[in-house]
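Asker:
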Amino acid sequence: MLIDTTYWGLNFGVVVFKDAISNKFIWWHFIEQKLEDYKLGFKWCVEQGYIIKAVVSDGFKGLAKTLYPIAFQIFYMLRAVMAKLTRKPKSDAGMELLALSKELCKLSSNDFINKLSKCQERHKYLLNEKTIDENGKWRYTHTRLRSANYTLKRNIAFLFAYESV
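Sequential numbering of the sequence shown, starting at 679, is according to my numbering.
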């Protein structure tokens, strides 16, 4: 099953469900409450006898919890990491995280987790470095690097769902 949502404004869009085997559109609905609209579509599909083995999403966070125990795979992780690091990070840690993100499709979950752990260990000083801001408060110095790292770390459970389907 392929699912996509298109928006034409802040609160106006349509969610479409397409059968990946027959290539036919089977359900659509104008977006009202977002997550509730997806739930409505999944409920309809199950009632019609469709078996949903896995869902691939571009990162709609509430969907994974809603669909549990259906395998949930996040797509566009590289894009999310690049948005935080840019295409040409200046630090070694940023360059390494970006390179690792580019390998996501080539690595198994175990290999990726091991490489990410080693990267985090190598660059833990930079990831945890703090400076005092103009108000005298301690802040992390490399917020975008930390954010990119956390994005990968937080979503590991949803990056390799295809291995279990």
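We treat Cβ as the ideally placed atom computed from N, Cα and C, and that holds for glycine.
In this text, all values refer to a predicted model and were calculated from it rather than measured experimentally.
Report yes if the C-beta distance between methionine 760 and leucine 782 is below 9 angstroms; otherwise report no.
Answerer: no
Asker: Please state whether DSSP places aspartate 682 in a helix, a strand or coil.
Answerer: strand
Asker: Quick check: what's the CA-CA separation for alanine 698 versus alanine 749?
Answerer: 16 angstroms
Asker: What is the DSSP secondary structure of isoleucine 730, reduced to helix, strand or coil?
Answerer: It is coil, neither helix nor strand.
Asker: If I'm right that lysine 831 touches threonine 819 with Cβ under 8 angstroms, what's the distance once you round it to whole angstroms?
Answerer: For lysine 831 against threonine 819, the beta-carbon gap comes to about 19 angstroms, at or over 8 angstroms, which does not count as contact.
Asker: State the CB to CB distance for the pair leucine 763 and leucine 776, rounded to an integer number of angstroms; the pair is presumed to be in contact (CB under 8 angstroms).
Answerer: Your pair leucine 763 and leucine 776 checks out as a contact, with CB atoms roughly 5 angstroms apart and the cut at 8 angstroms.
Asker: Apart from the five residues on each side of it in sequence, which residues of its chain come closer than 6 angstroms, Cβ to Cβ, to arginine 822?
Answerer: Lys762
Asker: In the DSSP assignment, what are the bridge partners of phenylalanine 838?
Answerer: According to DSSP, which records beta bridges pairwise, phenylalanine 838 is partnered with nothing at all.
Asker: Quick check on phenylalanine 708: does DSSP put it in helix, strand or coil?
Answerer: strand
Asker: Starting from alanine 658, trace the alpha helix (DSSP H) both ways and give me its first and last residue.
Answerer: Residue 658 is absent from the structure shown; the chain starts at 679 and stops at 843.
Asker: Which of helix, strand or coil does DSSP assign to glutamine 752?
Answerer: Per the sequence shown, the amino acid found at residue 752 is isoleucine instead of glutamine. Of the three classes helix, strand and coil, the one that applies to isoleucine 752 here is strand, per DSSP.
Asker: What does tyrosine 818 pair with, by DSSP beta-bridge criteria?
Answerer: Lys808
Asker: Given that a residue counts as buried once 16 or more other Cβ atoms are within 10 Å of its Cβ, and exposed if not, what is alanine 771?
Answerer: Alanine 771 is buried by the Cβ-count criterion.
Asker: What whole-angstrom Cβ distance do lysine 702 and leucine 680 have, given they're in contact under 8 angstroms?
Answerer: Actually they are not in contact, since the Cβ atoms of lysine 702 and leucine 680 sit about 11 angstroms apart, beyond 8 angstroms.
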